[in-house]
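Numbering (the numbering used here), first residue to last: 100 to 375. Structure, as structure tokens:
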């Protein structure tokens, strides 16, 4: 995990950047909402567990963590879920009912601690209310994000993710052409069904997101963005219907990606040693 950073007075980002074999980097974010009743949003990838738990403990204290909002049960969001719930026994797990049931097939989820959520529901977390929303694109039908009704922060899960040239903490630092291309590529790969959407039926979905008027955009797979970027982000998603699907990598392409990832990791390790 990279160094956590504070993106707003009450949101800390717990980021990882994964090299994607010559195609740039994929951001994987968990978030810590420092509300009166602190909320951890997702739990990152498994190899970051020690760092993620340490970061949560440093910012709010594991003994104070009250909620864990699990947006869906994919591996890049559930990496530390079991350890977090063990370390914070007073925390309630907020997630889609079927996410909880599916996770129960691979570990003993404390189902009595689960608060099942669906779009439209609201959760009070002390000094604010979180309204559950369905993001416009997703790779898992159990996906549920939320709008922080106090700050206007939109936690949009995988939507607006992008493959980016270099890791950064601010989406505005990404060149516009690279951001648009990387966001469309991610949308087509992560939500391949988006190419088959009826534009007339998809447009009201995008308009519903637009009406949320977020102050900031917190995507699991993009550096933090200003709410002012929402219009251009929605324009990218609107171009997905009718686009050509992106095929999965062949075995040869997969092998080349692994080689590229290994080279990037070796370079990163050298940089760390030099800085030390």
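Cβ coordinates follow ideal geometry from the N, Cα and C atoms, glycine included. Model, not experiment: these values are computed from the prediction.
Straight through space, the alpha carbons of residue 293 and residue 345 are spaced by roughly 11 Å.
Contact between the stretch 267-284 and the stretch 191-199 is not established, with fewer than three Cβ pairs separated by less than 8 Å.
With a 10 Å radius around the Cβ and a threshold of 16 neighbouring Cβ atoms, residue 245 comes out buried.
Exclusion of the five residues before and after residue 172 leaves 198, 201, 202 as the residues of its chain whose Cβ lies within less than 6 Å of its Cβ. Ranked by Cα distance from residue 315, the first of 327, 187, 309, 307 is 327. Membership of residue 116 in the beta strand (DSSP E) is indicated by the continuous run 110-118. The residues 100, in chain order, have a CB closer than 6 Å to that of residue 150 in the same chain once the five nearest residues on each side in sequence are set aside. Residue 176 sits in coil when the DSSP states are folded into three classes, being neither helix nor strand.
Listed in chain order, the beta strand (DSSP E) elements of length 3 or more contained wholly in the stretch 314-352 are 315-318. Take residue 182, set aside five residues on each side of it, and the residues of its chain with a beta-carbon closer than 7 Å to its own are 148, 152, in chain order. Runs of the beta strand (DSSP E) lying entirely within the stretch 123-168 and spanning at least 3 residues, in chain order: 124-132, 138-140, 166-168. Inter-residue distance for residue 253 and residue 313 is about 6 Å (C-alpha atoms, whole angstroms). Look at residue 189 here: in three-state DSSP terms it is coil, with no helix or strand label.
A direct Cα-to-Cα measurement between residue 224 and residue 109 gives close to 13 Å. A Cβ-Cβ separation of about 7 Å places residue 119 in contact with residue 356 under the 8 Å criterion.
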